[in-house]
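All remarks here apply to the structure that follows.
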Amino acid sequence: MEEIRTGVYICHCGLTIAGVVNVEELTEYAESLPNVVVSREYRYMCSDPGQDLIKKDIKELGLNRVVVASCSPRMHEPTFRKTVEDGGLNPYLYEHANIREHCSWVHDDKELATKKSKDLVRAAVKRVFHHESLVTREIPLNPNVLVIGGGIAGMQAALDIADGHNKVYLVERDPSIGGHMAQLDRTFPTLDCSECILTPKMGDVGHHPFIELLTYSEVEEVSGSIGDFKVKVRKKARHIDESKCIGCNLCEEKCPWKTDSEFEAGMAKRKAVYIPFAQAIPNIAVVDADLCAYIQSDGKKCGACIKLCDAGAITPETLLKQTDEIVELEVGTIIVATGYDQFDPSVIPQYGYKKYDNVLTGLEFERITCAAGPTEGKIVTKDGRPVESIGIVHCVGSRDENYHEYCSRVCCMYGLKYAHLSKEMANADVYEFYIDMRCFGEGYEEFYKRLSEEGVNFVRGKVARITDEAQTDEEQGKLIVVSEDTLLGKMIRVPVDMVILCSALEARSDAENVGKVFNINRRADGFFLERHVKLDPVATPTDGVYIAGCCEAPRDIPDTVAQAEAAAGKALSLISKGTVTLEAAISTVDEAICHGCGRCEEICAFSAPNVVTKNGTLVSSVNEALCKGCGSCAVVCPTGAIAIKHFTQDEILAQVSALTEA
Amino acid sequence: MMAGFEPQIIAFCCNWCTYAAADLAGTSRMHYPPNVRIVRVMCSGMVDPIYVLKAFEGGVDGILVAGCHLTDCHYIDGPVKCDETVNKLREVLHVLGLEDKRLRREMVAASEGVLFAQVINEMVEDLKKLGPSPFKAKTEALA
Amino acid sequence: MEVLSPYKEATDVILEAGGEPLKLCYQCGLCTGTCPWNTVRSFIVRRMMREAQMGATDFGSEDVWTCVTCRACVKRCPRGVEIIDVIRAIRRAVASMGIGVVPDALRISAKNIAGVGNPLGEAPEKRNDWAGELKVKDFAPGTDVLYFPCCVPSYDPDVKGVARSTAAILDKLGVDYGLIGTDAKCCGEAIRKAGHEETFQSLAQSNINLFTESGVKTVLVSSPHCYHTFKAEYPELGGQYEVVHVTQYLAELIEKGDLKFSRKLEKKVIYSDPCYLGRHNDIYDEPRAVLKAIPGVELLEFPDAREEGLCCGGGGGRIWMDTPKGERFSDIRTEQAAEMGAEVIAVACPYCVLNYRDSVLSMGKGEAIQVKDVAELVAEAI
Amino acid sequence: MNLEDIIQKTKPYYCLECGKCTSICPVSRYDPGFTPRGMIENALLGFDDEVVLNRKLFSCLTCYTCQPECPSDVDFPVFVREARGLAQDNGQSGVCAHSGQLQSLARLMTNPDIKQNRLEWLSGEHRVSDDSDVLLWVGCAPYFEPIFRDVEFSALGVIKSTLKTMNSLGVEPRLLPNERCCGHDALWTGDFETFRKLAEHNAAQIREAGVKKIVFSCPEGYRTFKMDYPAHVKLDCEVQHFSEFVAERIGKNGLKLKETKKKVTYQDPCRLGRHLGVYDAPRKVLESIPGIELVEMRHAGPDSICCGTSAFTNCDSHSNLLRSERLKEAAATGAETLITACPKCQTHFRCATTDRGEERRSTPRLEIMDLANLVANATGE
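Line by line, the protein sequences are chains A, B, C and D.
1140 is the number that the working numbering gives the last residue of the first sequence; the numbers go up by one with no jumps.
158 is the number that the working numbering gives the last residue of the second sequence; the numbers go up by one with no jumps.
1327 is the number that the working numbering gives the last residue of the third sequence; the numbers go up by one with no jumps.
406 is the number that the working numbering gives the last residue of the fourth sequence; the numbers go up by one with no jumps.
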């Protein structure tokens, strides 16, 4: 075994250390420690002459370990690691003792401070004995980016990245991109038409030379790690020849098989072959195989579309033979922007959703006010009557421990938007039932004030129930919204023609599976968890995987776009660097010891360890690109097979036992 | 209780929060008793029970295990794991008859230099009241 | 269990009566927290606003008549709601539609104003009798200034001094001024706030006609209430005049050096800002400048002076209504003035004079504290 | 002491290098790097470092499978034990499982001043007596309780069952509030200093209490008291394993056992079986429970296979394979429950059966319990 030759360097830091700690005594003491061949003191170790001392000693005295006792390692450990490296040693053969922040600056008894410094130096010397050379590695980063979700977040991120001439694969589950925003009529607080601002972006995405669109597709499997992900995407069969379809929509017009239109929130019908909405990108049809009689009868029934399609895009072959296709992609970074689901208010029976025709969700009302929607933009009841009064119920499923504890952030504002549209389009009396009005964005409070001016009746109270049981003549034939007016301390009954439930935004029902595919954790509320809520809001525990938009938490369009651009920025910054640096002080497995029990795999927040079969036995294997070196796996390892490089048990116990000596 | 007894404390501090808090206490020149020696770990979740047991074997009078608050962790959930380790360890140490206050678990954020100094002050006070660790006799006997 | 349904018609009545600003109220309650009533009794301004929004106003409640229109709440309202307009609208609804009860005292005053043009029920022809031996000339076309003393100094024997002092000062300075004939009527400010809009309209129209016929350009007033209505409300009805409050007039003369004092008033004087001079019209400095200019006067300030000044309790028609002992703002201020060692409470509003003099007497402080209008003090010192 | 002294003391020089030991050694079967014969040879050839500084020295289970087969009667386990003492002095202590906590606890327990809280689990349903001359050895169970919660093992559960059974046999034993680890693991890993201190402390406590008889639920404590203490401390009392204690009362003293329908197999703990030769008593106890069907594993009695780890060292991948093999043998009998009479066997078997990622494992997940648990359940009112 190599002889350990340690050099110890004590910094005066001017007088900030030397004024309290007896540096001469300390230096003399350090030299007496085992394996220490030289010990020196200097006014400023971090200065060039100070660093030169170390380099010179490494060469002349053959040092193979170095300890500097000075300020906090958080300040100068990188400096001295560099010095040691410049001197010809591995930078990890270095240990730092903090005798300034942790000693001379907090103690004034010189004798005790000197004693403490001796302890800290001794601990560093004993610890550095066990240090080993470690190598940080750079691996190349694949510049291609995968974006999941073709809503506003995914589109924005894709455009930002593609505009920098980087290849983006945009995967969307539905037949068209656009997401929830395509279903919205107008956007608060400016009231610009959602379609007008969205469809140009959709077009840009559709035509972008650097964006490859994979609609009607879902990611099935992700392997690898930052810089080098391998992704399997299932491209579902559209049952049409995509290259031939010209989007003429003749097939849909003639198709006799109907079902509720997803895009119209079930308020209108679509056919078995359909284009989801007029501005769909790509503007090609898709066949709902479950509904298509031709497919279901194995070609024995119907087939109207085949006859009508002049372009030859629909043929017996496409309908009967086309199957899902698995596309394999290789990318360096991934942005997950899978959006949200609207909370289903029918689980709150007292609100009568699905029981009363004129109790609607926000998304349904969006379609009602939309000129292209099922009522051609007229606010009317289900049976076509004009609406004279509307109740808007806030916090349906939000801020309620029975459903979702969190605030959905957008409901106050879209509730106000509905109030405005109800006033403007139907001149209706509007009653807005709220708990708190949360109007925090740019122009939002002003919008609220404007709605007050427009004469909206704001009722502070969470609605208790919605009923059609009239108690007075005025209530006959109406829906009655029952609540406390908490500001008056009185129960209130408001008869209205229509009720809009401002339903919560909730995590996608399949968020758990999506989280597993991309190794993203979820909060208790089901949304994806960011790396740090304040300082790393779009990163996830998995390096190279970022999140944007409502999959992370409910948010409005401006925040979503900002977050999408932030996620794109993260990806672009990696692409611009071109490589990924791997942490050196990470977990390592002694395969002779490891049982492959999987406790490490279970506890790791980054999915770095994986139990694999090697030579017929199970053993844990650590993915170096994923491991952050936190050490929790080593704590749970029952056998002692796992060690954290640079923080091994030997190293820390050497330090501990050195501190308990003398 | 010994007159003039000065307890010996080892503090395992996570690199990102509590170690930084101790640095901040230094930069702010907050004075606290020199009875503590800090061992830097990357994460409080990295603290193995053996580190604590070995320190007690060595005769220290008190141990602090400190790291980030639950939501600040650099490694997502290190503090939760640390809590589990410390809680289990506490049960073991209780059977051994060690006073609960000799093992302290704290969450001290990087900004909480004041809290760090306060924790050390309190520990020194508490440990002075408790007197030397029952394991100290052994070290001294062996020495 | 009382269950409420929004009563849109009731809200509409209030809106039509000028209560439009109530829409803006978002029920934060700062008005209630600011309202001075809540230092002596409960008066939930926010709830009145809420009830008006929901058409749930109790028009029979005494609270309809409680507000002194001191404007403290409006000054602070985060949404800029003109709360006084809403209160006025509610009162208007009661007075004009008979859907509630007008308090007796107010009904009498209103009847007097409507009948004889002044709230005291005095004969119109006696309006200028206060001048007596001062022989103030009648205003005629070409006269520089019309002096309009307000009904209270004109008729109330205890307050006549305000008008007489003003006249004396004007005389001494040789100002070309006159009094309008006995056809003049109450300015109507307070009765309008008390909900009697029709009465106000008729008073205003009558005064405007009279002023216009007489060729009035500048009106000098002793009452901030006259000041306010002439300045802010008459123009909409066609009466455009330069309106000057006595304190402004005096301050300007002092500034120019035209007004010289010959006597010292060795007194500690504390000044109480009238709401309609202060918060309604932002006149704070002039009265103080006048007082400071009087030789020997040591000017004290209430702890809550200027923008924070406490009302005397006489605005919004309250001057005609009885306020129970223990709830009178002027009592609170008199007590404060006494504690601070003030010998004189100086005011610049006839309603304030009435209320403070009443407080000083009823509290038995008549020996220690005098209540004087700023004009009275000036007259004493020249 | 150097290796030469150990050789003189344990006499491996009679070794014929026949290799029977290695061929029968359960560790060698999975770990070709571990050979008892090779280790003896290295020692005899003077390659001390090859023996003493080699972490494989700590892989020996000291299970006594080899020694009975040795034509020259070399006591390999004792040779290993002594060599480990030398290894410890040279900084080699193998790879401690559970990060060395258990070794550390034993050392901490040598301290005379500690005031343990080791009997807090006692409740009203247990009957103990401070006058009794029969001692129930609780040992390390209170420490194992939190540490092995992760593998779903309750060491105190075994103690409680033992106590309950003793109570139903009309015995109210004494429990010592200040007993310490018996020192078994310290002894077998070569930490003789710790062993000596623990032995002296325990002996003093027991002498002071005037105990005549000690009942163990742990065969390691039993072995240590019976075979190792006499060489170090003076202690004059009878020691007995729980199985023996119950076996000699079957049919007497009115021990009534409820019918328990269960097909079980029995793991002979190395210490109880090969070390001490107790094979019949546990079986007799099992057979006395109505409804219990005992099926033997392929390797049973003296041929029994160790649970795979001893003294919490070198619990490595080979140990795991051994453990897995043994569990498969147990499962192959068709028994639903594996009965053992040693808490250490349970920790090790349960560790294997609580491994994560069930779908990828071949280790059978059968129920594991201590003989005492089974008996106590059968005595239930």
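Glycine included, each C-beta is placed from N, C-alpha and C at the ideal position.
List the DSSP bridge partners of residue i.
i: A/Glu720; result: According to DSSP, which records beta bridges pairwise, A/Glu720 is partnered with nothing at all.
i: A/Tyr487; result: A/Arg518 and A/Val546
i: A/Tyr647; result: A/Leu624 and A/Glu690
i: A/Val874; result: A/Ser981
i: A/Cys671; result: A/Arg664
i: A/Met633; result: Partner(s): none; A/Met633 has no beta bridge.
I'd like to check one pair, residue j with residue i: are the Cβ atoms closer than 8 Å?
i: D/Ile231; j: D/Val264; result: no
i: C/Ile1028; j: C/Cys1022; result: yes
i: A/Val499; j: A/Thr592; result: yes
i: A/Glu962; j: A/Gly993; result: no
i: A/Leu974; j: A/Tyr896; result: Residue identity differs from the one stated: residue 974 of chain A is Val in this sequence, not Leu. The answer is no: Cβ separation not under 8 Å.
i: A/Val1100; j: B/Gly73; result: no
i: B/Leu79; j: B/Met122; result: no
In chain order, what residues of the same chain have a beta carbon less than 7 Å from the beta carbon of residue i, not counting five sequence neighbours either side?
i: D/Ser157; result: Glu197, Pro198 and Arg199
i: D/Asn203; result: Gln141 and Gln230
i: C/Leu1155; result: Ile1125, Asp1128 and Ala1129
i: C/Asp1008; result: Phe988 and Met993
i: A/Phe1084; result: Pro1019, Thr1020, Leu1104, Cys1105 and Lys1106
i: A/Gly893; result: Ile870, His872, Glu910 and Cys980
i: D/Val176; result: Thr372, Arg375, Cys376 and Thr379
So residue i contacts chain A; which residues on that side make the cut at Cβ distance below 8 Å?
i: D/Leu346; result: Thr1095
i: B/His46; result: Val584, His585 and Asp586
So, at 6 Å on beta carbons, what are the nonlocal neighbours of residue i in its own chain, with the 5 sequence-adjacent residues on each side left out?
i: D/Ala122; result: Phe337 and Cys340
i: C/Val1191; result: Thr1111, Ser1167 and Ala1320
i: A/Cys889; result: His872 and Cys980
i: A/Pro569; result: Arg559, Val562 and Glu563
i: A/Ala1046; result: Ala635, Asp638 and Ile639
For residue i, go through chain C and note every residue whose CB falls closer than 7 Å to its CB, in chain order.
i: A/Ser961; result: Per Cβ cutoff of 7 Å: no residues; A/Ser961 is ~10 Å from chain C at best.
So, at 8 Å on beta carbons, what are the nonlocal neighbours of residue i in its own chain, with the 5 sequence-adjacent residues on each side left out?
i: A/Arg971; result: Gln949, Glu953, Ile958, Val959 and Val960
i: C/Trp1075; result: Pro1094, Pro1098, Ser1099, Tyr1100, Lys1105, Ala1108 and Arg1109
In chain A, which residues lie with their C-beta within 7 Å of the C-beta of residue i?
i: B/Asp92; result: Ala1083
Residues of chain C with CB under 8 Å from residue i, in chain order?
i: A/Val972; result: Ser950 and Pro951
Residues of chain D with CB under 9 Å from residue i, in chain order?
i: A/Pro512; result: Neighbours of A/Pro512 on chain D: none; closest Cβ ~13 Å, over 9 Å.
Which chain D residues are close to residue i, counting only those with a beta carbon under 8 Å from its beta carbon?
i: B/Pro149; result: Asn136, Asp138, Ile139 and Lys140
Could you work out which residues of chain B lie near residue i, taking near to mean beta carbons separated by less than 7 Å?
i: A/Thr1138; result: Ala70, Gly73, Gly74 and Val75
i: A/Cys1108; result: Met57, Cys58, Gly60, Met61, Tyr90 and Gly93
Identify each residue in the stretch 953-970 of chain C for which the Cβ-Cβ distance to at least one residue of chain A is less than 8 Å, and report them in chain order. Answer set for the stretch 953-970 of chain C: Lys953, Lys968, Leu969 and Cys970.
Note down, in chain order, all residues in the stretch 98-116 of chain B with a beta-carbon under 7 Å from any beta-carbon belonging to chain D. Contact residues of the stretch 98-116 of chain B toward chain D are Lys103, Glu106, Val107, His109, Val110, Leu111 and Gly112 (C-beta to C-beta distance below 7 Å).
Could you list the residues in the stretch 45-79 of chain B with a C-beta less than 7 Å from some C-beta on chain D, going in chain order? So the close ones are Asp63, Pro64, Ile65, Leu68, Lys69, Phe71 and Glu72.
Listed from N- to C-terminal order along the chain, which residues in the stretch 194-219 of chain D have their beta-carbon within a distance smaller than 8 Å of any beta-carbon of chain A? none
Taking any Cβ of chain D, which residues in the stretch 1062-1076 of chain A have a Cβ under 9 Å from it, in chain order? For the stretch 1062-1076 of chain A, which is checked against every Cβ of chain D, the residues closer than 9 Å are Asp1068, Glu1069, Ala1070, Ile1071, Cys1072, His1073, Gly1074, Cys1075 and Gly1076.
Output needed in chain order: residues of the stretch 929-942 of chain A with a Cβ under 9 Å from some Cβ in chain E. This model lacks chain E altogether; the protein chains it does include are A, B, C and D.
Any C-beta of chain A within less than 8 Å: which residues of the stretch 989-1005 of chain C qualify? Arg991, Arg992, Arg995, Glu996, Gln998, Met999 and Ala1001
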